[in-house]
Amino acid sequence: MASACYFLFISNIPIKKRVITLLLCLIAGTFLLFYLGNTPLIANLLNERLGMQNYDTERFSTQKAAFEAGFSNLIGMGPGQSDENLEMSTHSLYARLFAENGLIGFLSFFVFFILSMLQALKRTLRSSYQVRGLYSIIFASLVGLIFNSLFIDTLHWRHFWLLLALAWCAEEEINEGMPEPIKIKGR
8 MASACYFLFI SNIPIKKRVI TLLLCLIAGT FLLFYLGNTP LIANLLNERL GMQNYDTERF
68 STQKAAFEAG FSNLIGMGPG QSDENLEMST HSLYARLFAE NGLIGFLSFF VFFILSMLQA
128 LKRTLRSSYQ VRGLYSIIFA SLVGLIFNSL FIDTLHWRHF WLLLALAWCA EEEINEGMPE
188 PIKIKGR
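Using my numbering, read the sequence shown as starting at 8 and increasing by one per residue.
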């Protein structure tokens, strides 16, 4: 998903060609997955890896308990308390935020995350050529993190917070660190 978002916003190639290429890659990837899924060795591996494990039932029950705790206490149980009060780690940023910060804290964080993504997207579409690629990387990374956070508690990932901050950096601040474009004689 993040790669597709990045590919859609690189500026060297016209949008029509990017969309067509992305659709062709999606179709080819679907056929490749279907073919590999019917290969006995790969099919066994996929069934083993994608099937429910014993650990998953405990993890999902902990996530359910985290959401129940968030609904029962609108201001949450406090930072870092989900690991203390629940049987195991929630393994989901959203379940952890909801349990520890309650509905208000969860909604505040989620709104900030969405606003940061929209800010990065806006800067991707409106920035100069020199920094457009950086903003598209920031946007694509945030898209990847929003999905990754469903399955992993990304709260303590340093790059998570760095990407959220970079989405709000002004183009002028980023341009200060960029080298001047190379000028070719006669152009």
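Ideal Cβ positions, reconstructed from N, Cα and C, are used throughout, including at glycine.
Taking the Cβ atoms as the reference, residue 99 lies roughly 6 Å from residue 70, within the contact range of under 8 Å. Pairing residue 153 with residue 167, the inter-Cα distance amounts to about 10 Å.
Burial check for residue 26: the Cβ neighbour count within 10 Å stays below 16, so the residue is exposed. A Cβ-Cβ distance of about 6 Å is found for the pair residue 123 and residue 149, placing them in contact under the 8 Å criterion. Scanning 39, 142, 165, 120 for the CA closest to the CA of residue 128 turns up 142. If you check the CB distance, residue 43 and residue 49 come in under 8 Å. Distances from the CA of residue 103 to each of 95, 89, 155 were compared; the closest alpha carbon is that of 89.
About 37 Å separates the Cβ atoms of residue 77 and residue 36, ruling out a contact at the 8 Å cut-off. In the three-state DSSP reduction, residue 47 falls in the helix class (H, G or I). Ranked by how close their Cα comes to the Cα of residue 96, the residues 68, 118, 113, 119 have 68 in first place.
Nearest neighbour of residue 94 by Cα position, chosen from 66, 84, 146, 157, turns out to be 66. Counting only runs of 4 or more residues that sit fully inside the segment 78-126, the alpha helix (DSSP H) segments are 88-92, in chain order. In this structure, residue 162 lies away from residue 145, with their beta-carbon atoms at least 8 Å apart. Buried is the label assigned to residue 113, since at least 16 other Cβ atoms lie within 10 Å of its Cβ.
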